[in-house]
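Peer 1:
Numbering (the working numbering), first residue to last: 129 to 433.
1. So, are the CB atoms of residue 213 and residue 202 less than 8 Å apart?
2. Which value, in whole angstroms, describes the spacing of the CA atoms of residue 427 and residue 287?
3. Name the DSSP bridge partner or partners of residue 197?
4. Quick check: what's the CA-CA separation for residue 273 versus residue 309?
5. Can you list, in chain order, the residues of its chain whose CB lies under 7 Å from that of residue 129, leaving out five sequence neighbours each side?
6. Could you check if residue 381 is buried or exposed, using at least 16 other CB atoms within 10 Å of its CB as the buried criterion?
7. Would you call residue 418 buried or exposed, if buried means 16 or more other Cβ atoms sit within 10 Å of its Cβ?
8. May I ask which residues mark the beginning and end of the beta strand (DSSP E) holding residue 361?
9. So what does DSSP say about residue 129, is it helix, strand or coil?
10. Within its chain, find whatever has a CB closer than 8 Å to the CB of residue 409; leave out the 5 residues flanking it on each side and keep chain order.
11. Between residue 326 and residue 303, what straight-line distance do the alpha-carbon atoms span, to the nearest angstrom?
12. Within 10 Å of its beta-carbon, does residue 319 have 16 or more other beta-carbons around it, so buried, or fewer, so exposed?
13. Would residue 314 be called buried (16 or more neighbouring beta carbons within 10 Å of its own) or exposed?
14. Hey, how far is the Cα of residue 379 from the Cα of residue 324?
15. Indicate the three-state DSSP secondary structure (helix, strand or coil) for residue 326 in the structure shown.
16. Locate the beta strand (DSSP E) running through residue 280, then write down its first and last residues.
17. Could you name the residues that DSSP lists as bridge partners for residue 141?
18. With which residues is residue 384 paired in a DSSP beta bridge?
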């Protein structure tokens with residue numbers, strides 16, 4: 129156990145905490161004094177199956193370090209089950225202070241082949257799941273006038289990637305959700321932030337490798353371990369953290385603060401615009417500021433530090 133317990137006495141729900149990033153966050157929260165509800169459905173990368181062992185392993189790891197933890201095996205996509213996670217925290221530990229929305233799945237496929245099931249499966253876990261747990265915790269946060277949300281976003285949404293329209297839409301939607309939570313609940317002393325994690329996980333491991341470039345990228349990703357994400361997540365949960373409504377990135381030993389959408393350039397026409405004048409004047413003037421069709425690997429082109 130670490131000497132400085134940044135979240136001592138707080139109660140946290142960490143979703144998708146059986147493996148990877150979620151497990152590391154849950155364990156570090158426990159080491160810093162939090163009592164933790166370890167949620168994990170125990171599914172595959174696509175979200176199928178129910179294996180209780182991963183969540184129990186995280187619970188055991190927290191307890192072995194002298195912390196307190198209980199397991200939850202339900203799906204965040206189920207609104208009733210998500211409310212049950214918060215009720216479990218209240219029943220077991222008497223309160224809820226922290227919600228880490230980390231649960232996720234992948235159904236990667238090029239857009240013209242993406243099915244409604246591919247779309248719904250990812251949106252329901254990432255975006256709807258984040259809403260479900262947050263909405264369950266929000267009344268308690270409001271009543272006690274304190275609380276902290278940390279949501280996992282991705283550069284697949286912030287920047288872009290091939291074959292991930294469902295995942296990118298969900299992850300960018302989570303940024304909007306987090307910002308709205310920060311705005312709506314700031315009057316109650318509640319904070320909400322996002323982390324875009326760069327880390328090797330089962331989800332990343334499911335990315336198909338088609339060429340040497342992708343192979344080299346995957347080898348770089350393997351060096352970015354999930355435990356690198358946890359310190360930033362725990363820090364955001366500390367009472368001394370003032371950040372809210374922000375989007376952070378964590379890449380090995382690097383921490384980034386992401387920009388948020390703001391106007392870049394503007395054009396004005398006193399007489400009003402026509403489609404022809406937009407094509408002739410507005411678009412050509414704005415074009416130098418257009419964003420290219422970048423992917424995450426184009427923007428983060430250097431080796432992890």
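No residue lacks a Cβ here, since even glycine has one placed at the ideal position from N, Cα and C.
Keep in mind the model is a prediction, meaning the values are calculated, not measured.
Peer 2: Taking the coordinates as given:
1. yes
2. 8 Å
3. 164
4. 14 Å
5. Residue confidence is low: residue 129 scores 46 on pLDDT, short of 50, so the model does not pin down where it sits. Its coordinate-derived value is still stated next. Here the set comprises 159, 193 and 194.
6. exposed
7. exposed
8. Here residue 361 belongs to no beta strand (DSSP E); instead the alpha helix (DSSP H) covers 358 to 365.
9. Here the model assigns residue 129 a pLDDT of 46, short of 50, so the residue's position is not dependable and the matter cannot be decided.
10. 395 and 397
11. 16 Å
12. buried
13. exposed
14. 9 Å
15. strand
16. 275 to 280
17. 165 and 227
18. 377
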